[in-house]
Amino acid sequence: MAILVDANTKVLVQGITGKQGSFHTRLLKQYGTKVLAGTSPGKGGFEVEGVPVYDTVREAVEERGVNASIVFVPAQFTKEAALEAIEAGLSPIVLIAEGVPVLDSMYILAKASEKGVTIIGPNTPGIISPGLCKLGIMPAHVFKRGVVGVASRSGTLTYEIAAGLTKAGLGQSTCVGLGGDPLVGLSFIDVLELFRNDEETKAVALIGEIGGNAEEMAAEYIIKTNYPKPVAAYVAGRAAPPGKRMGHAGAIISGRTGTAESKLEAFKKAGVEIARRPSEVASKLKEALGSP
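Heads up, the sequence shown is in this note's numbering, so the first residue is 58 and it goes up one at a time.
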């Protein structure tokens, strides 16, 4: 099993004729992802990397039966593209662009909630179920099919920790990049719940960062639901000064909330294994699983 995407996921690339859209379409196809259609208004009838291009999402759904989307359009046009995919019932929808206007994100997430559609991002590397489907921009060679589910707010740390899990022989069931913008579609709790019900996932790695309270809420969820699988966490940003944006738009400390210390304390209370360095996540989980 895998969560959210698997070998049956039929992918639409919105913005396929752009530089990033065409580049990553080639990589997605090389990985084995079923990229069946692309869209770019006014360019219907063309092909990109052997993939037919349509003017609208509706046409792509009717002609090619796509059921998920990855959106490669600039942040200011992401709302329009996402709403078109939501109306067509595609899910999940991966929003790659960074810096989508907050009001646009609010509208996208509200419409997605109404339709029961899953949004991943904005500002995300995407999602990968190794060996089955990659719906993102991550370097595929560091991932290997295995037993650890990963949910992360950081793209590069996802790659580093996934590489450690692969090297340790644990691998990954599915890795989800939640996104670095202030408002994103999936929370740690959403993904923990999906991993709870996934038989292939034996343990979970959470990769957090300063800002917001997503990690504290995840810790509370783990306590309240007596979460049945081992969880290890790494939180980036211990040295970040208060009030200063560090990388992601969502990674900003306000007052005493959202600090690395508050997140680590919450995880500690929840019995989560705390990694002081990214490289420790794999060893913490290996020990928790009793792996040799």
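Glycine included, each C-beta is placed from N, C-alpha and C at the ideal position.
Cα-Cα separation between residue i and residue j, rounded to whole angstroms
| i | j | result |
| --- | --- | --- |
| alanine 145 | lysine 259 | 34 Å |
| glycine 221 | leucine 346 | 15 Å |
| leucine 69 | glutamate 137 | 15 Å |
| glycine 203 | glycine 99 | 42 Å |
| threonine 96 | lysine 281 | 44 Å |
| lysine 286 | valine 205 | 10 Å |
| glutamate 277 | serine 319 | 12 Å |
| proline 335 | valine 123 | 36 Å |
| serine 162 | proline 179 | 8 Å |
| glycine 188 | arginine 121 | 23 Å |
Cβ neighbour criterion (16 or more within 10 Å) applied to residue i
| i | result |
| --- | --- |
| glutamine 87 | exposed |
| histidine 81 | buried |
| lysine 76 | exposed |
| lysine 172 | exposed |
| leucine 141 | Per the sequence presented here, residue 141 reads as glutamate, with leucine not at that position. Classification of glutamate 141: buried, given that the 10 Å Cβ count is 16 or more. |
| lysine 191 | buried |
| glycine 226 | exposed |
Local conformation of residue i per DSSP, three classes
| i | result |
| --- | --- |
| alanine 59 | coil |
| isoleucine 177 | strand |
| tyrosine 291 | strand |
| leucine 263 | strand |
| tyrosine 88 | helix |
| tyrosine 164 | helix |
| lysine 201 | coil |
| serine 348 | coil |
| alanine 154 | coil |
| threonine 213 | helix |
| glutamate 106 | coil |
| leucine 93 | strand |
| valine 68 | strand |
| alanine 339 | helix |
| alanine 208 | strand |
Contact belief for residue i with residue j at Cβ below 8 Å, rounded distance in angstroms
| i | j | result |
| --- | --- | --- |
| glutamine 71 | valine 108 | No, glutamine 71 and valine 108 are not in contact; Cβ-Cβ is about 12 Å, not under 8 Å. |
| alanine 290 | valine 329 | 5 Å |
| glycine 265 | glutamate 272 | 4 Å |
| alanine 139 | leucine 152 | 6 Å |
| alanine 154 | alanine 132 | 4 Å |
| valine 199 | threonine 223 | 6 Å |
| threonine 66 | alanine 125 | 5 Å |
Beta-bridge partners of residue i, as assigned by DSSP
| i | result |
| --- | --- |
| isoleucine 185 | Lys191 and Cys232 |
| lysine 326 | None; lysine 326 has no bridge partner. |
| valine 128 | Gln71 and Leu152 |
| tyrosine 111 | Thr96 |
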